[in-house]
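Trainee: Residue numbers (the numbering used here): 158 to 585.
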Amino acid sequence: MRADVFPLRALFSLALAIGWLSILASGDDGAQRWVTTWSTSNVASDRPVAFSNQTIREVVHTTIGGGALRIRLSNTFGTRSIRLDAVFVGLQKTGLQKEGAALVPRSNHAVTFGGSRSIAIPEGAEVLSDPVSFAVGAGQNLAISLFTAGETGPATVHGSAFQTNYVSGAGNFAAEEGANAFAVAAGSTSTGSKTTGSWYFLSAVEVLVPASVKGAVVALGDSITDGASSRLDKNERWTDVLGRRLLDNHSQIAVLNAGIGGNRVLTTSPCWGQNALARLGRDVLAQAGIEAVILFEGTNDIGQPDAPAADTNPCRSRTQVTADEIIAGYKQIIARTHARGLKIFGATILPYRGLGAWTAAGEAKRVAVNQWIRTSGAFDGIIDFDADLRDPTTPARLAPQYDSGDHLHPGPAGHEAMGNAVDLALFR
Numbered sequence: 158m159r160a161d162v163f164p165l166r167a168l169f170s171l172a173l174a175i176g177w178l179s180i181l182a183s184g185d186d187g188a189q190r191w192v193t194t195w196s197t198s199n200v201a202s203d204r205p206v207a208f209s210n211q212t213i214r215e216v217v218h219t220t221i222g223g224g225a226l227r228i229r230l231s232n233t234f235g236t237r238s239i240r241l242d243a244v245f246v247g248l249q250k251t252g253l254q255k256e257g258a259a260l261v262p263r264s265n266h267a268v269t270f271g272g273s274r275s276i277a278i279p280e281g282a283e284v285l286s287d288p289v290s291f292a293v294g295a296g297q298n299l300a301i302s303l304f305t306a307g308e309t310g311p312a313t314v315h316g317s318a319f320q321t322n323y324v325s326g327a328g329n330f331a332a333e334e335g336a337n338a339f340a341v342a343a344g345s346t347s348t349g350s351k352t353t354g355s356w357y358f359l360s361a362v363e364v365l366v367p368a369s370v371k372g373a374v375v376a377l378g379d380s381i382t383d384g385a386s387s388r389l390d391k392n393e394r395w396t397d398v399l400g401r402r403l404l405d406n407h408s409q410i411a412v413l414n415a416g417i418g419g420n421r422v423l424t425t426s427p428c429w430g431q432n433a434l435a436r437l438g439r440d441v442l443a444q445a446g447i448e449a450v451i452l453f454e455g456t457n458d459i460g461q462p463d464a465p466a467a468d469t470n471p472c473r474s475r476t477q478v479t480a481d482e483i484i485a486g487y488k489q490i491i492a493r494t495h496a497r498g499l500k501i502f503g504a505t506i507l508p509y510r511g512l513g514a515w516t517a518a519g520e521a522k523r524v525a526v527n528q529w530i531r532t533s534g535a536f537d538g539i540i541d542f543d544a545d546l547r548d549p550t551t552p553a554r555l556a557p558q559y560d561s562g563d564h565l566h567p568g569p570a571g572h573e574a575m576g577n578a579v580d581l582a583l584f585r
């Protein structure tokens, strides 16, 4: 073939390959690697949402920055193959809430998958994008826009994002940087644009960083880790507090949140996700650049079976478990984490007396589990949330200044205290 008719597509592919070889060869010591900067844990909803000919604009908050990024999308709990016809990523424009769906000018970048701007994701699968030449900083809000022309069926979801996200009416607005397509009229009850407090089809965002960056720690937990009783759009979960502390300490460590409200160590829920043992590989060990795990679960295993009989929520487990059974679950999570050559830190279970599900028998289980966490030596380190947040005069209760009011979930001051309770020396 003559050089003057060499296909433009081939020239473009060659240039892209050379460009990425240059990026991968750069860095402080000549090497770089991918580390997850943000992730979430998905479920199959008991009230599924489907999309058709709509654009979803979703906001995620980075922990560490990098010179390029790639995005992992999920159809893990879908019932059919889905097709995303356009995917874009940009920087959210900060400022007034009415501009929440607006992007920083010229920051929106097309995302490709194997060179294509569209991607089919089979039922139960995840996909990873091509690298996007887009430098992002630590603590920035990214806006990921997904357009699907067809019917998605039940969407894979993380229900409690504690983040405002945006869904358009009919049309492809993924490439647009303005907010008009996502504007919601006051008092509107139409089926057009709307906001949502959930994330759909998102799994993780990875950034390209120098090899000297330490990697990521993943917090595996339930609603407290997920952010329950923290304020919308404030990024004030205890994991967010810990991430900011690490950055302020000049530690390049991503803090990833694998919390699901209502989640349990041992039993799966139709609403609150697979049990921690079942989702450990997908939600935790599969994250790029992971170095350590924080295990902070068990409250729901103990408390949900003791909920009042009048509470007929089908999502709750009525299966009684013993302290020894919870500990056996912990041991398996520890063994699988250690088998990957990773560290794992155990966090003690917070008190919850005052909640309707509290019983003396359940309290005895909580105390026994916490005693094992503190004394067994099975973990590589301990984070004693219980000691730091309990009421000194009534240890079975949260201290009033940390209680959100429901006697189970810490409020913003409680999340701040938890994030500050983690010894940063664990990550050195």
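Every residue gets a Cβ at the ideal spot worked out from N, C-alpha and C, and that includes glycine. Only a predicted model underlies this, so the values are computations on that prediction, with no experimental measurement involved.
What residues match up with P567 in a beta bridge as DSSP calls it?
Mentor: DSSP, once it has assigned bridges, lists D560 as partnering P567.
Trainee: Going by beta carbon distance, what residues of the same chain come within less than 6 Å of E573, once the five residues before and after it are set aside?
Mentor: These residues qualify, in order along the chain: V398.
Trainee: Since F291 and H266 are thought to touch, with beta carbons under 8 Å apart, how far apart are those beta carbons, to the nearest angstrom?
Mentor: That pair is a contact at about 5 Å.
Trainee: Take Q461 and list the residues in its own chain whose beta-carbon comes closer than 6 Å to its own, dropping the five residues that flank it on each side.
Mentor: Within the same chain, Q461 has close Cβ partners R473 and S474.
Trainee: If you reduce the DSSP assignment to three classes, tell me which class R531 lands in.
Mentor: If DSSP states are grouped into helix, strand and coil, R531 belongs with the helices.
Trainee: Roughly how many angstroms separate the alpha carbons of R635 and P569, rounded to a whole number?
Mentor: An answer regarding residue 635 cannot be provided, because it is not within the stretch 158 to 585 covered by the chain.
Trainee: Secondary structure at P367, three-state DSSP: helix, strand or coil?
Mentor: Strand, per DSSP.
Trainee: Mapping the DSSP letters down to three states, classify F536 as helix, strand or coil.
Mentor: Here F536 sits in coil by DSSP.
Trainee: So within the segment 391–425, which uninterrupted alpha helix (DSSP H) runs reach at least 4 residues, ignoring any that extend past its ends?
Mentor: Counting whole runs of 4 or more residues, the segment 391–425 contains the alpha helix (DSSP H) stretches 395–405.
Trainee: If you scan the segment 235–280 from start to end, which runs of the alpha helix (DSSP H) of 4 or more residues do you find wholly inside it?
Mentor: As far as the segment 235–280 is concerned, it has no whole alpha helix (DSSP H) run of at least 4 residues.
Trainee: Could you check whether the segment 529–544 touches the segment 496–503, counting it as contact only if at least three pairs of C-beta atoms, one from each stretch, sit closer than 8 Å?
Mentor: Segments in contact, yes.
Trainee: Using DSSP with H/G/I as helix, E/B as strand and the rest coil, what is T494?
Mentor: Of the three classes helix, strand and coil, the one that applies to T494 here is helix, per DSSP.
Trainee: Within 8 Å, do at least three Cβ pairs link the segment 377–395 to the segment 450–470?
Mentor: These segments touch.
Trainee: Thinking I228 and V370 are a contact (beta carbons under 8 Å), I'd like their distance in whole angstroms, please.
Mentor: No, I228 and V370 are not in contact; Cβ-Cβ is about 19 Å, not under 8 Å.
Trainee: Taking all protein chains shown into account, do 16 or more other C-beta atoms lie within 10 angstroms of the C-beta of D558, making it buried, or fewer, making it exposed?
Mentor: Per the sequence presented here, residue 558 reads as Gln, with Asp not at that position. Exposed, by the Cβ-count rule.
Trainee: Going residue by residue through the segment 298–359, where are the continuous beta strand (DSSP E) segments of at least 3 residues, counting only ones entirely within it?
Mentor: Within the segment 298–359, the complete beta strand (DSSP E) runs of at least 3 residues are 298–308, 322–327 and 351–353.
Trainee: Express the C-alpha separation of S302 and V246 in angstroms, rounding to a whole number.
Mentor: Near 6 Å, if we compare the C-alpha coordinates of S302 and V246.
Trainee: With a threshold of 6 Å on Cβ separation, who are the neighbours of D203 within its own chain once the five nearest residues in sequence on each side are excluded?
Mentor: Taken in chain order, the residues that qualify are P427 and C428.
Trainee: Would you mind giving the Cβ-Cβ distance between K250 and A243, rounded to the nearest angstrom? I have them listed as a contact below 8 Å.
Mentor: About 20 Å; that fails the 8 Å criterion.
Trainee: Suppose you measure from the CA of S433 to the CA of T197; what does that come to, to the nearest Å?
Mentor: The sequence given here places Ala at residue 433; Ser does not occur at that position. Straight-line Cα distance between these residues: approximately 14 Å.
Trainee: Along the chain, where does the alpha helix (DSSP H) that runs through R547 open and close?
Mentor: First-last for R547: undefined, no H or E at that position.
Trainee: For my contact list, W195 and V362 are in at a C-beta cut-off of 8 Å; report their separation, rounded to the angstrom.
Mentor: Correct: roughly 5 Å between the Cβ atoms.
Trainee: Which ranges would you report for the beta strand (DSSP E) in the segment 203–231 if only whole runs of at least 3 residues count?
Mentor: Complete beta strand (DSSP E) runs here, min 3: 209–218 and 226–231.
Trainee: Do you know how far the Cα of S231 is from the Cα of V117?
Mentor: Residue 117 is absent from the structure shown; the chain starts at 158 and stops at 585.
Trainee: Between the segment 383–397 and the segment 408–417, can you find at least three pairs of beta-carbon atoms closer than 8 Å?
Mentor: They touch, by the three-pair rule.
Trainee: Per the DSSP calculation, W195 is bridged to which residue(s)?
Mentor: V362, per the DSSP bridge assignment.
Trainee: Using a Cβ-Cβ cutoff of less than 6 Å, which residues in the same chain neighbour H218 once the five nearest sequence positions on both sides are dropped?
Mentor: Once the five neighbours on either side are set aside, the close Cβ partners of H218 are N298 and N392.
Trainee: For D541 and P567, I'd like the C-alpha separation in whole angstroms.
Mentor: Those two C-alpha atoms are separated by around 15 Å.
Trainee: Quickly, what does DSSP pair I451 with across the bridge? List them, please.
Mentor: I451 is bridged to A376 and F502.
Trainee: Identify, in the order they occur along the chain, each residue of the same chain with its Cβ nearer than 6 Å to the Cβ of V579, setting aside the five sequence neighbours on each side.
Mentor: Contacts found: L399 and I540.
Trainee: Between which residues of its own chain and F304 is the CB-CB distance below 6 Å, once the five residues before and five after are set aside?
Mentor: Within the same chain, F304 has close Cβ partners T212, D242, A243, N329 and A331.
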